[in-house]
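A.B. asks: Take this structure first; my questions come after.
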Amino acid sequence: MTTSAETVIAPARVKTAATATVRRKQGFQHGGWFVAPFLALFVLFVVWPLLRGVYLSFTDANISGDSASFVGLDNYREALNDQAMWDALGHSAYFTLLVVPCITVLAFLLAMLAHHIERGKWLWRLCFFVPFLLPSTVAANMWQWLFTQGIGLFNETFGLDTPWLTDKSYAMLAIVIATLWWTVGFSFLLYLAALQGIPDHLYEAAELDGANAWHRMVHITLPMLRHITGLVIALQILASLQLFDQAVVMMDFGPGPEISTRSFVQYTLEQGFTSYRVGYASAMSIIFFVIIAAVALARMALLRNREEGGR
Amino acid sequence: MGRPDLDRRHLLAGLGGLTVAGSLGFAALGTGADALASSASTRVRYWNLFSGGDGANMIAMLDAFRKANPSIDVKDSTLQWGNPFYTKLAMAAAGNRAPDLGVMHMGRVAGFSPGRLLDPWDEELLAKYGVRKEDYNPALWNRGVIDGKLYALPLDIHVQLCFYRKDVLKKADLLGDDGRMIPVTSTGEWFDVLKKAKKVQKKGLQTIGLWTNDQNFQWWFFVAFYTQLGGRWFNDDDPANTEVLFDVDKATRVLEFFRRHVTDGYVIPGAPTGEQFINGAPFTWEGNWSVPVFSGAELDYGATPLPPVFGKQATHAESHAFVLPHQAGRGGATNEAAHELAAYVVTHALQWAAGGHIPAYTPTLSTDAYKKLEPQNEYVSAMDHQATEPKVWFAGSTGVLAQDLGPVVVSSTMGSAKPAAVARTMKSHLTKLLASKNPMDGKTAAQGGAVA
């Protein structure tokens, strides 16, 4: 009996193992091959350049591709003492501080408007979202015209004579206004979708309990949108820190009046491609990578704590 | 960057990429077809940075060359000027995919690693096609000479000019008997001229367009007036070249001069310069490339070199020059054809002069056709008193020097920093730059990195 039992069990085991192997194989065939092209491109265009960038940051490589010598931490030491780099980081951070709260509030208000309005709903949605579809150069060029002193529509409309693009007190503000108009559509869309996902019966029940519009907003709408708000803020911080193209185009590829709008990305580019210091520019990119990663991790940690606290 | 990504956009971008890749494939086919169709035996690949009116002029000159030399096929490519151009040229030369002929700004040549990214010209070959050193202004020719070899063959000089409206100046009695602006030899005289012009000009316009908040123009104007004062940058005639000779007092005088235009109300900061001039502003300081624009607007105007308000004539000058990007196996028929093409364009530069540039090839200047060009004939003397940036690796059009010092000059002109303080800042920038290593050859300017 024992033998027969063993004989019965053993093939079964073998079979199970074999099936798993087959499944694993099939799994790779079906899934693995689907992701392979992406994986290959990811390695080729993200992982490899990143590793190469880390390597270059320890050398004095120039743009000509000549052999470079190893300089250890020199580039990092220089970067941390480079006032121009800190200024550029300050400009990127200042831009982020201005854009993120504005865009979050604006996107929410526009979404509420588009959600509750009865007539011509599609038109409002289209108006709020369409600017986002423009390429950055088009949007930035448009706003450059609008802001031009003397002939620009912006000053004309509001009866101002503000040197938006040529005075350091206004230049960054001009870029912020253009960015708000251009990118608010994306966050607006996220909010609109989330608003539509709040079940009607919550509002109905609240109304039966005598809650007015303000109560419904504070106790239902805002809490239900908490996750989306977190997402919008996080995405906007990461995107705003990487300020580059709209600023560069609006300032005619320069650093803005008295270097007031030169972002971190722009300064890195200048070091790499005007001063031909590829090694130094690589070190700055890595520093920036660390800063952005730290912001993203901090945000994740914060969110996890909040969720755990909520339970 | 500046906003989160959207998947659909990625997809569209991907499709765009495919389209581009596809068209490149077709372009490659096209090149092959071109080569088959053309009877030319030699093909010269030529990169330039000329767009707009300059671009049209250059293409007309190339067409004339093609007609005159059917055995040479010229494949020209126009790239975005400024740093994108220099980056591409450097990388192409480093990767041994360099074109046979290129164009650069003269000031950038010293920093472009002559000998490694650039090949020297064969002066005998140039002479064979009609271009000799004797046909050039010596100062201009020598700007292209590094370590005794010619690396840049000048095509033109382009200068900053003082454009003036004859119709307005006539009313203010500021025109001489020859119909040109009366000469100015001191800052006092210059501000008197502005004062008189302001009295008769149209209301609501500025008196002079000065590009007060443009870092490039302010830097160019600074170079001009600082040179008028006899100011120097470094002791670059000494091989040690370790000393910064920048004169803070002279620099302060120049910066105060700029600032006064704003404080006395002759400039509207940020106002467009060329447009206001066309609308009736009496003066504007602009590059000579504005000549076709103002002539096209049919204005009654003239153009002189920047006024010698500090006593000595000097106006900022840069040059377009032909270069031979480095090729491992340079030589043979293609190299000779590149010499022939460059020599042809240089010696046929009358067409080029129509764009406002002063031809570098002096026999052109003495032709009757050139002497008849208005207002070109009024500022041709600028050739003899060029104010240029120092010959160091960090100088030249949109280079590190301009990028570092331009915004500082602007801060003084616009009034957010005091001229004397700004002059000191400029000196500290120059000291830092002189000590910094050229990323191309690892030497500082003091160690003789690519200085003649």
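Line by line, the protein sequences are chains P and X.
Residues 13 to 323, numbered by this note's numbering, are exactly what the first sequence covers, in order.
Residues 3 to 454, numbered by this note's numbering, are exactly what the second sequence covers, in order.
Glycine included, every Cβ here is placed at the ideal spot set by N, Cα and C.
(1) Below 8 Å on the Cβ atoms is my contact criterion, and I expect W287/X with Q162/X to pass it. Report the Cβ-Cβ distance as a whole number of Å.
(2) Mapping the DSSP letters down to three states, classify Q162/X as helix, strand or coil.
(3) Would Q208/P count as contacting chain X if we go by Cβ distances under 7 Å?
(4) In three-state DSSP terms, what is W123/X?
(5) Pull up the distance between the alpha-carbon of W176/P and that of A183/P, whole angstroms please.
(6) Any Cβ of chain P within less than 7 Å of the Cβ of D283/X?
(7) Can you tell me whether N290/X is buried or exposed? The criterion is at least 16 other CB atoms within 10 Å of its CB, across all chains shown.
(8) Measure how close the beta-carbons of F144/P and L122/P come, nearest whole angstrom, since I'm counting them as under 8 Å.
(9) Quick one: Cα of G34/X to Cα of R134/X, how far?
(10) Tell me whether H160/X is buried or exposed, calling it buried when 16 or more other Cβ atoms sit within 10 Å of its Cβ.
(11) Express the C-alpha separation of L135/P and I129/P in angstroms, rounding to a whole number.
(12) Taking the alpha-carbon positions, what's the F46/P to V59/P distance?
(13) Are there three or more Cβ pairs, one per stretch, closer than 8 Å when the region 84 to 101 of chain X is compared with the region 313 to 331 of chain X?
(14) Anything in chain P within Cβ reach of Q217/X, meaning under 7 Å, just list it in chain order.
(15) Would you kindly report the start and end of the unbroken alpha helix (DSSP H) that includes Y88/X?
(16) Please list, in chain order, the chain P residues whose beta carbon lies closer than 8 Å to that of L119/X.
(17) Closer than 7 Å, CB to CB, is S399/X near chain P or not?
(18) For W60/P, which of helix, strand or coil comes out of DSSP?
(19) Is it a yes or a no for the region 218 to 227 of chain X touching the region 253 to 265 of chain X, going by three-plus beta-carbon pairs under 8 Å?
(20) Thinking just about the alpha-carbon of each residue, which of A225/P, L158/P, T178/P, D179/P is nearest to the one in R170/P?
(21) Just mark N440/X as buried or exposed, buried being the case when its beta carbon has 16 or more other beta carbons within 10 Å.
(22) Take D78/X as the anchor and find which of K172/X, Y88/X, V46/X has the nearest alpha-carbon.
(23) Please classify F236/X: does DSSP put it in a helix, a strand, or coil?
(24) Can you give me the start and stop residues for the alpha helix (DSSP H) that I249/P sits inside?
(25) Taking all protein chains shown into account, decide if S383/X is buried (16 or more other Cβ within 10 angstroms of its Cβ) or exposed.
(26) Measure the alpha-carbon distance for G84/P versus G284/P and round it to whole angstroms.
(27) Which partner residues does M183/X have in the DSSP bridge list?
(28) Could you please tell me which residues of the region 200 to 215 of chain X, in chain order, have their CB closer than 7 Å to any CB of chain P?
(29) For L341/P, which residues in the same chain have their Cβ closer than 6 Å to its Cβ, ignoring the five residues on either side in sequence?
(30) Might you give, ordered along the chain, the residues of its own chain that have their beta carbon closer than 7 Å to the beta carbon of T433/X, omitting 5 neighbours on each side?
(31) What is the DSSP secondary structure of T116/P, counted as helix, strand or coil?
(32) Taking 7 Å as the CB-CB cut-off, is L26/X touching chain P?
(33) Drop a sphere of 10 angstroms on the beta-carbon of W87/P, count the other beta-carbons inside from all chains shown, and report buried for 16 or more, exposed for fewer.
(34) Beta-carbon separation of A228/P and A218/P under 7 Å?
(35) For W325/P, is the classification buried or exposed, using 16 other Cβ atoms within 10 angstroms of its Cβ as the cut-off for buried?
(36) Would T369/X be called buried (16 or more neighbouring beta carbons within 10 Å of its own) or exposed?
C.D. replies: Considering the structure as presented:
(1) 6 Å
(2) strand
(3) no
(4) coil
(5) 5 Å
(6) In the sequence as presented, Asp is not what sits at residue 283/X; that position holds Ala. Closer than 7 Å: no.
(7) buried
(8) Actually they are not in contact, since the Cβ atoms of F144/P and L122/P sit about 12 Å apart, beyond 8 Å.
(9) Model confidence at G34/X stands at a pLDDT of 43, short of 50, so the residue's coordinates are unreliable and nothing is read from them.
(10) buried
(11) 11 Å
(12) 19 Å
(13) yes
(14) G266
(15) 85 to 96
(16) S76
(17) no
(18) helix
(19) yes
(20) Note that residue 170/P is Phe in the sequence shown here, rather than Arg. Nearest C-alpha to F170/P: L158/P.
(21) buried
(22) V46/X
(23) strand
(24) 238 to 253
(25) exposed
(26) 18 Å
(27) L177/X
(28) N215
(29) Since the first and last residues shown for chain P are 13 and 323, residue 341/P lies out of range.
(30) V246
(31) helix
(32) Only weak support exists for where L26/X lies, its pLDDT of 44 falling under 50; the value from the coordinates is given anyway. Judged by the 7 Å Cβ criterion, L26/X is not in contact with chain P.
(33) The amino acid at residue 87/P is misidentified as Trp; the sequence shows Asn. That one is buried.
(34) The sequence shown places Arg at residue 228/P, not Ala. Closer than 7 Å, so yes.
(35) Because chain P here runs from 13 to 323, residue 325/P falls outside it and cannot be looked at.
(36) exposed
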